[in-house]
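**Student:** Can you keep this structure in mind? I'll have questions shortly.
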Amino acid sequence: MVSSSFLRQLFVVLVYVSSPVALAAAARKTADLHTEPGPAARKSPSEKAAGCRCVALTFDDGPDKRTTPRLLDILSREGVKATFYLVGSRIAGARGVVREMRDEGHEIGNHSWDHRELTRLSPERVLQEIRSTDEAIEAATGARPQTLRAPYGSLDRAVRKDFKRPFIAWDIDTLDWKYHSVSRITATVLSESRPGSIILLHDIHRTTVDAVEGIIDGLRSRGFSFVTVSQLLHPKG
Ligand code: NI
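In case it helps, this note's numbering puts the sequence shown at residues 2 to 238.
Next comes the structure, spelled out in structure tokens:
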């Protein structure tokens with residue numbers, strides 16, 4: 002008997018094993034530190050494996066004092082829990098924002114200290130990137146993150162083997178860092194979402210925050226509900 006939880010874990014592993022080499026090359030061409038080219042099209046787990054018609058909204062590269070508070074207000078008004086993958090070096094300037102994320106019941110994950118490509122760093126440096134970010138998040142919230150996300154999705158076995166916690170990929174890449182268009186971001190999410198989808202967004206962009214209300218409304222009208230990444234990986238029951 003294969004549990005749905007196992008299938009979901011397998012999905013997370015598989016998306017990394019299948020990460021195209023081209024992704025890293027494309028990432029290096031990107032001028033902005035806080036941008037993230039997505040992997041090629043990936044399959045999300047089936048509705049049966051997901052156990053519910055749920056998706057996880059994930060927001061990377063914050064916290065940002067200018068844009069994240071407005072996003073938190075929207076999520077609170079809509080009653081939606083999301084997952085934030087924080088860059089450790091940004092936390093000191095926005096501790097209150099991080100505490101608000103925690104207080105509102107969002108999941109907080111580790112997105113490295115300064116958004117370097119982990120596969121190009123020494124094992125010691127990778128540990129330092131993750132550990133220092135763990136410490137900054139724990140200092141702000143009192144809890145250690147349960148999940149990790151590699152900058153640019155760039156990951157290999159050498160990086161992964163040093164961590165027991167899962168690195169979380171995504172199956173829907175909105176390219177919101179590239180196309181600052183509410184209609185384009187929203188259309189991508191609404192056309193590509195499947196039960197169990199993990200949606201990549203960046204709360205450091207104003208246009209992304211502008212798109213969130215429409216994304217939530219559109220997904221709800223298609224019968225989706227919203228969970229955090231850990232809830233998607235480990236559903237109750
Ligand atoms: Ni990122």
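In this text, a Cβ means the ideal position worked out from N, Cα and C, and glycines have one as well.
Please say whether Ala144 and Phe168 have beta carbons closer to each other than 7 Å?
**Tutor:** Taking the sequence shown and counting its residues from 1, one reaches residue 168 at position 167. Taking the sequence shown and counting its residues from 1, one reaches residue 144 at position 143. Taking the C-beta atoms as reference points, Ala144 is found no nearer than 7 Å to Phe168.
**Student:** Just verifying my parser: in three-state terms, what is the DSSP assignment at Tyr86?
**Tutor:** Numbered from its first residue, the sequence shown carries residue 86 at position 85. Of the three classes helix, strand and coil, the one that applies to Tyr86 here is strand, per DSSP.
**Student:** Taking a contact to mean a Cβ-Cβ separation below 7 Å, would you say Val190 touches Thr84 in this structure?
**Tutor:** Numbered from 1 along the sequence shown, position 189 holds the residue referred to as residue 190. Numbered from 1 along the sequence shown, position 83 holds the residue referred to as residue 84. Result no, Cβ atoms of Val190 and Thr84 do not sit closer than 7 Å.
**Student:** Quick one: give me the first and last residue of the beta strand (DSSP E) that Ile199 is part of.
**Tutor:** Locating residue 199 in the sequence shown gives position 198, counting from the first residue. Where Ile199 is concerned, the enclosing beta strand (DSSP E) stretches over Ile199 to His203.
**Student:** Do Ser194 and Val56 have their CB atoms nearer than 7 Å?
**Tutor:** As a working note, residue 194 is residue 193 in the sequence shown. As a working note, residue 56 is residue 55 in the sequence shown. Closer than 7 Å, so yes.
**Student:** Can the beta-carbon of Gly89 be found less than 7 Å from the beta-carbon of Trp114?
**Tutor:** Against the sequence shown, residue 89 aligns to sequence position 88. Against the sequence shown, residue 114 aligns to sequence position 113. Taking 7 Å as the Cβ cut-off, Gly89 and Trp114 qualify as a contacting pair.
**Student:** Just to confirm my understanding: we take Gly106, look at its own chain, exclude 5 residues before and 5 after, and list those with CB closer than 7 Å. What are they?
**Tutor:** Within the sequence shown, the letter at position 105 stands for residue 106. Once the five neighbours on either side are set aside, the close Cβ partners of Gly106 are Lys82.
**Student:** DSSP beta-bridge partners for Thr59?
**Tutor:** Position 58 of the sequence shown, counted from the first residue, corresponds to residue 59. For Thr59, which the question treats as bridged, DSSP gives the partners Thr84 and Leu201.
**Student:** So, is His235 buried or exposed, given that buried needs 16 or more other C-beta atoms within 10 angstroms?
**Tutor:** Within the sequence shown, residue 235 is the residue found at index 234, counting from 1. Label assigned to His235: exposed.
**Student:** Leaving aside the five residues before and after Arg221 along the sequence, list all residues of the same chain whose C-beta is less than 8 Å from its C-beta, in chain order.
**Tutor:** For this step, residue 221 is matched to residue 220 along the sequence shown. Excluding residues within five positions, none has a Cβ falling inside 8 Å.
**Student:** Determine the closest residue to Ile205 out of Ile138, Pro64, Arg54 and Thr59, with distance taken between C-alpha atoms.
**Tutor:** Taking the first residue of the sequence shown as 1, we reach residue 205 at position 204. Nearest of Ile138, Pro64, Arg54 and Thr59 to Ile205, Cα basis: Pro64.
**Student:** Applying the 10 Å Cβ sphere with the 16-neighbour rule, what's the burial state of Asp239?
**Tutor:** The question about residue 239 has no answer, for the chain in this structure spans 2 to 238.
**Student:** Give me the residue from Thr142, His181 and Gly219 with the minimum Cα distance to His203.
**Tutor:** Taking the sequence shown and counting its residues from 1, one reaches residue 203 at position 202. Comparing Cα positions, the closest option is His181.
**Student:** Would you identify the three-state DSSP class for Asp218, choosing helix, strand or coil?
**Tutor:** If you number the sequence shown from 1, residue 218 lands on position 217. Helix at Asp218.
**Student:** In the DSSP assignment, what are the bridge partners of Gly110?
**Tutor:** For this step, residue 110 is matched to residue 109 along the sequence shown. In the DSSP assignment, the residues bridged to Gly110 are Tyr86.
**Student:** Ordered along the chain, which non-local residues of its own chain (more than five positions away) have a Cβ less than 6 Å from that of Ile186?
**Tutor:** Looking up residue 186 in the sequence shown gives position 185. Around Ile186, the same chain offers Thr175, Asp177 and Ala212 as residues with beta carbons nearer than 6 Å, after the five sequence neighbours per side are excluded.
**Student:** According to DSSP, is Arg223 helix, strand or coil?
**Tutor:** Along the sequence shown, one-based indexing puts residue 223 at 222. Arg223 falls in the coil class under three-state DSSP.
**Student:** Could you tell me which residues DSSP puts in a beta bridge with Asp174?
**Tutor:** By 1-based counting over the sequence shown, the position of residue 174 is 173. Partner(s): Leu201.
**Student:** Do you know offhand how far Leu73's Cα is from Phe227's?
**Tutor:** In the sequence shown, counting from the first residue as 1, residue 73 sits at position 72. In the sequence shown, counting from the first residue as 1, residue 227 sits at position 226. Their Cα atoms are separated by approximately 15 Å.
**Student:** Do Asp61 and the ligand NI come close, with the Cβ less than 6 Å from some heavy atom?
**Tutor:** In the sequence shown, counting from the first residue as 1, residue 61 sits at position 60. Asp61: yes, Cβ under 6 Å from the ligand NI.
**Student:** Can you tell me which of Gly197, Glu118 and Arg161 puts its alpha carbon nearest to the alpha carbon of Trp171?
**Tutor:** Your numbering for residue 171 matches position 170 in the sequence shown. Of Gly197, Glu118 and Arg161, the residue nearest in Cα terms is Gly197.
**Student:** May I ask you to list the residues that DSSP assigns as paired with Leu149?
**Tutor:** Reading the sequence shown from its first residue, position 148 is the one you call residue 149. DSSP output for Leu149 lists Asn111 and Phe168 as bridge partner(s).
**Student:** Return yes when the C-beta of Pro64 is under 6 Å from any heavy atom of the ligand NI, and no when it is not.
**Tutor:** Along the sequence shown, one-based indexing puts residue 64 at 63. No; taking the cut-off as 6 Å, the Cβ of Pro64 has no heavy atom of the ligand NI nearer than that.
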